Amino acid sequence: MLVAFSLAGCSGLPVLDGGGAAGDRIAGHWRLHLWIALVVLIGVVVFLLDAMRRRATGAAGVLRPDAASERRLTVGVSVAVGLTAVALLVLLVASVATGRSLGILGAETPAVTIEITGRQWWWDVTYWDPVPAHQMRTANEIHIPVGQTVLVKLASPDVIHSFWVPALNGKQDLIPSRKNTIAIKADRAGTFAGQCAEYCGLQHAHMRLLIVAEPPEAFQAWLQAQRQPATPPASALAQRGHDVFVGGSCVLCHAIVGTEAAARTGPDLTHLASRAMLAAGTLPNTPGHLAGWIVDPQSVKPGTRMPANSLGADDLQALLAYLGGLR
Amino acid sequence: MSVPARALEIAHEPVDRESLARIWGQPPGLVGWLTSANHKSVSIRYMITAFGFFALGGVLAAIMRLQLAWPDMHVVGPDLYNQIFTMHGSTMMFLFAVPIMEAVGTYIVPLMIGTRNVAFPRMNNFGYWIFLIGGLMVWVAFVLNIGPDAGWFAYVPLAGPGYSPGKRVDIWAQLITFTEIAALVAAVEIIVTTFKLRCPGMALHRMPLFVWAMLVTAFMVIFAMPAIMVASTMLAMDRLVDTHFFNPAEGGDPLLWQHLFWFFGHPEVYIIFIPATGFVSTIVSTFARRPIFGYTAMVLSLVATGFLGFGLWVHHMFATGLPQLGASFFTAASMMIAIPSGIQVFCWLATLRSGRLVMRAPLLYCCGFIAIFVAGGLTGVMQASVPFDRQVHDTYFVVAHFHYVLIGGAVFPLLGAILYWLPKFSGRMPSERLGRWSFAVLFVGFNLTFFPMHLLGLGGMPRRVYTYLPETGWATGNLLASIGAAILAIGFVIFLVNVVRTLTRGAPAGDNPWGASTLEWATTSPPPPYNFAYIPTVDDHDALWSATDRPVVTGLRDDVREILVSDAIDATPDHRQHLDGGSIWPFLTAVGAGIGIITAIFTPWGVTIGAILCAITLTGWFWPRGEPSGEARTSA
Amino acid sequence: MRALVAAATCLVLLAACEREQRRFAEVAPSAGRPDMVRLSPLTPGGAAPAASPRGPYGENAWAVSEGKRLFQAYNCNGCHANGGGGMGPPLMDAKWLYGSEPENVYATIVEGRPNGMPAFGGKIPDQQLWELVAYVRSMSGLLRADVRPSRDDHMQVMESEQARRPQPPTSATPPGAEPRR
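Chains as they are written, first to last, in my numbering: chain A, 1 to 327; chain B, 328 to 963; chain C, 964 to 1144.
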């Protein structure tokens, strides 16, 4: 058990193996906790086992402790309590210091500001820009530039959610009527998984998100691409898919910039094909999974707001062709 | 007017034990059940009911472990899973942990302080029926698919009117009403009993540590429970009559719920844990064959825990976006509470180390408790730190932590206490071998179940998820935990077999099989309905070890229910008091209140109906009937 | 007497079960669908089963609350303004221009009505349509109180559906269904 704990101290768990300075500091702070805890636990268990070993020696009957041995015990217990207090004081100072250093990290001028709205059960993401036309809306996949601070503004229109990307920082709740923010910064490129961490109803388990940290140039290129309206249908099949989309039920909830579809109830699909995952990090974004998701979402995420859509085979193929072209 | 103790201590006058047994006992059969005013039979019923709910909650846990054993399992869907984990938490907290502690308390405390009954025996019975009705209501609802599904903490707005249609959350809110009434009743019972009914000589500084623990717990109940009753009533009103306590658009606040809930929720943990420390102190002292080391420090630690327990609630809310200074205050308070707990642990260790250990199963449970509880306490200190808590809050790390402190910190001592007091309850000795086996299996199963959860939490697995994806890498840890859960279940079955075997064919126990020091062992096993033929007197907190041939109190009548009321501080005898006997009215009042509370789920008129029914039944309850025989209350 | 009590208990329990069901994926019953126009009284085989008097979701609190969510998501509020009416007629009163039965409401949503009610047929999946039907009927209290939605987390402009006094429909049959003279 102890061995497993110490192993945990150096393995690849996202909370401990951070992708950014904030995560690293928290992990470092925890290791201090861990070492102190291990010393205390081992000390107590060894003492306990030793006490249990020395059983029933001497006469039976009730022991009347003599004053000298009680004094020794008093000294022992007092020392132990004193050490406990000192250890707690050290941890308290370390905790406040870590909190302050995280606060300083979070107070850096952000290079990018993202507004995230948690909804049952997906993440509505808007990249903020002083020029309204440059604001960009996407869902469930967030790209950030490596080495730059990203300010995330959190809001919820329905229930309480919690934004958590363990490799980058602690969690922050999204509470209706409250404005919370959290700063994240990745120090290396990579894809980091995140997840809603506050119980939010039926599909709390499948409310995931991806953070893709990439070099600043790649990030800017991505942002530029995402700001563009959707790619027009390239083939007749895709054109028919477009017609199925705007003529069918999809258009009631989803938006595709550059078409008539402008509803904001569901995720924005303007660049759906550029994302790695579907359904808030539940399915890989492949045509097969997408087809299954469109036709029978309730078997993948029972209770999801996405209704089952009974489409004919050719309509479905056309729709897939169209959505697959939304790069 | 008080009378010096000596005046009542006359040489043993013969008392009529048959008459005592008749007036303090309960009538046979169903009537006795419904009307009982005997604290022991009510407590035994309470314990069996609470363990029944514990078993049901355990079955739910097993279903959850089955569902989570492997990614993408389909044992249950999200709708049922959410009901299951909500029911598991609510059952364990409200229908098992608090009631079982209070049930053991109402059984043992009167015996330990040397009196004949609890202070308000009818109210005691009323509390049991309210508890039973509440528990049955929520479980029947669960079977009918109206089980609450918003978590045992029922955060708004998810639990509010907009996102939890139907009556599921209302059932939960009223469950709170039921169980909190029961808890408050038991708390009042324990406080008045300990303060006013102690036998002569048992001044506050001679009270056994278990009595101290129950006293502190009862005070915590009285201060903590109103917060949750207010909160759950506000929630029910938001849902039923469209009030706006938690609606931010109309000036309400969803965070208000969290503050109220955790102002109760955190002390709740100590309400469960402090009685367990009482068990441990009692058992450790008995089997170390010496008085507990550091009695005064232990008492002060209990009281300090009771106070500090109310200053920590915000550490459940570190992720909600609080100002850093405020959060630091709660970090400091959360770490500070480790000091009184540490003092207790060190005192137990000192007692064990300096005593003459007799290694029996109850002591094994306590040793296991110390190891597990220290581990759980240390992860608790980790979470007091805001930065780290914001990583592991609402993850399986927290699940691991609170099962370490609740199963390790409360259930292990409880099982030890049940084995320890089983001879007193039943008059028969439990099997030592089965006791050791159940401990070993439970210890292994427990650690295998809950240790991997620490790693799952650090690996990013949040709580309250009904399944997870294969690519998360959580499969191994979950499979281990599920295997551990199966072993844990086997351990509980062995324990149950031991209890059943004890009751059916255990060896006769005798009055004091463990050679223990507290007064409950000074009477027969099981105790007679009147507990003691003569009220004992004491001159030490380890009464039976300090002196033989203590004088006893005589002069209490043996033909009416009479108890000795004493001073709250010094326990000098004050007067004799007539105590009410059995009555059907407490049961009828519980039924009336139950009808009102359940009707209030569907219509506000339930409050009116309940008030009318309670008014009628309480009138019956308190209708003056004159004194049962001749002499009225004799105040000396 | 005992049988009566037992039967009543069963009914209450069954009602409770239906109220609390969460059915995520199902094909709403086709029986009684109003888009099925019959021009002949003759049918092969037996007659189609009668439609449930309250619609498939008339006793299901979850579905009604989903209907309420969809009512906003699909911008029904734009014309009907939380049921109080605006560009479109109010839905929380006793007056039903095209009938108050679930089938009538369903037909109104699917087929559209003159003077502005769009036809949502083919746009809204069937299950959601019936959820909307149930919610629309709850607005004037045609459903049981324990099934109707309670207040939501917004500014309260009117009392919640659950708190409303039921408004029995004054004209229950659609105009077209009246016997011809």
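Ideal placement from N, C-alpha and C gives every residue a C-beta, glycine not left out. No experiment lies behind these values; they were computed from the predicted model shown.
| Asked | Found |
| --- | --- |
| If you reduce the DSSP assignment to three classes, tell me which class asparagine 451 of chain B lands in. | helix |
| Taking CB distances under 7 angstroms as the criterion, tell me whether cysteine 1039 of chain C reaches chain B. | no |
| Where does proline 307 of chain A sit, in a helix, a strand or coil, going by DSSP? | coil |
| Can you tell me whether proline 1129 of chain C is buried or exposed? The criterion is at least 16 other CB atoms within 10 Å of its CB, across all chains shown. | exposed |
| Check each residue of the segment 1069-1090 of chain C: if its Cβ is closer than 8 angstroms to any Cβ of chain A, include it; give the result in chain order. | Gly1085, Lys1086, Ile1087, Pro1088 and Gln1090 |
| Beta-carbon within less than 6 angstroms of valine 244 of chain A's beta-carbon, same chain only, minus the 5 sequence neighbours each way: which residues are those? | Asp315, Ala318 and Leu319 |
| Just the Cα atoms here: how many angstroms apart are glutamine 228 of chain A and alanine 813 of chain B? | 55 angstroms |
| Quick one: which unbroken alpha helix (DSSP H) runs of 4-plus residues sit fully inside the segment 671-757 of chain B? Chain order, please. | 688-711, 713-719, 723-730 and 739-753 |
| For tryptophan 30 of chain A, which option in B/Ala646, B/Asp716, B/Val512 and B/Arg687 has the closest C-alpha, if you only look at C-alpha atoms? | B/Asp716 |
| Can you tell me whether methionine 788 of chain B is buried or exposed, with buried defined as 16 or more other CB within 10 angstroms of its CB? | buried |
| Nearest to glutamine 1091 of chain C by CA position, among C/Leu1005, C/Pro1019, C/Gly1009 and C/Gly1008, is which residue? | C/Pro1019 |
| Fully enclosed by the segment 38-116 of chain A, which alpha helix (DSSP H) runs are 4 residues long or longer? | 67-106 |
| Count the C-beta pairs between the segment 580-596 of chain B and the segment 540-558 of chain B that are closer than 8 angstroms, then say yes if the count reaches three, no if not. | yes |
| Measuring alpha carbon to alpha carbon, tell me which residue in C/Gln1119, C/Gly1041, C/Phe987 and C/Ala1097 is nearest proline 1081 of chain C. | C/Gly1041 |
| Return helix, strand or coil for proline 145 of chain A, following the three-state DSSP convention. | strand |
| Along chain A, which residues have their Cβ under 8 angstroms away from the Cβ of aspartate 1116 of chain C? | Pro176 |
| At what residues does the alpha helix (DSSP H) containing tryptophan 764 of chain B begin and finish? | 759-785 |
| Considering only C-alpha positions, which residue in the set B/Pro581, B/Ile518, B/Gly811 and B/Ser368 is nearest to tyrosine 857 of chain B? | B/Ser368 |
| If you count every other CB in all the chains shown that lies within 10 Å of the CB of threonine 623 of chain B, and 16 or more means buried, which is it? | exposed |
| Could you tell me if phenylalanine 949 of chain B is buried or exposed, where buried requires 16 or more neighbouring beta carbons within 10 angstroms of its beta carbon? | exposed |
| Taking the DSSP output, what are the residues bridged to tryptophan 123 of chain A? | A/Gly118 |
| So is methionine 1050 of chain C buried or exposed if we call it buried at 16+ other beta carbons inside 10 Å? | exposed |
| Residues of chain A with a CB under 9 angstroms from the CB of alanine 1026 of chain C: which are they? | The premise fails here: alanine 1026 of chain C is roughly 12 angstroms from chain A at the closest Cβ pair, so nothing lies under 9 angstroms. |
| How would you list, in chain order, the residues of chain C whose beta-carbon sits under 8 angstroms from the beta-carbon of glutamine 298 of chain A? | Phe987 and Ala988 |
| In whole angstroms, give me the CA-to-CA distance for valine 15 of chain A and leucine 210 of chain A. | 15 angstroms |
| Quick check: is the beta carbon of proline 307 of chain A nearer than 7 angstroms to any beta carbon in chain C? | yes |
| Suppose contacts are defined by Cβ-Cβ distances below 7 angstroms. Is glycine 478 of chain B in contact with alanine 540 of chain B by that definition? | no |
| Taking any Cβ of chain B, which residues in the segment 1096-1122 of chain C have a Cβ under 7 angstroms from it, in chain order? | Asp1109, Pro1112, Ser1113, Arg1114, Asp1115, Asp1116, His1117, Met1118, Gln1119 and Glu1122 |
| Return helix, strand or coil for phenylalanine 822 of chain B, following the three-state DSSP convention. | helix |
| Verify whether the separation of the beta carbon atoms of proline 987 of chain B and isoleucine 610 of chain B is less than 7 angstroms. | Residue numbering for chain B in the displayed model covers 328 to 963; residue 987 of chain B lies beyond these limits and cannot be assessed. |
| Can you tell me whether glutamine 353 of chain B is buried or exposed, with buried defined as 16 or more other CB within 10 angstroms of its CB? | buried |
| Pairs of beta-carbons, one from the segment 214-224 of chain A and one from the segment 150-158 of chain A, closer than 8 angstroms: are there three or more? | no |
| How is the alpha helix (DSSP H) around histidine 1043 of chain C delimited, first residue to last? | 1040-1043 |
| By the criterion of Cβ-Cβ separation under 7 angstroms, what are the contact partners of glycine 82 of chain A in chain B? | Ordered by position in chain B, no residue passes the 7 angstroms Cβ test against glycine 82 of chain A, which lies about 10 angstroms from the chain. |
| With distances taken from CA atoms, which of B/Gly404, B/Tyr455, B/Cys674 and B/Ala927 is nearest phenylalanine 423 of chain B? | B/Tyr455 |
| Straight-line CA distance for asparagine 309 of chain A to proline 284 of chain A? | 20 angstroms |
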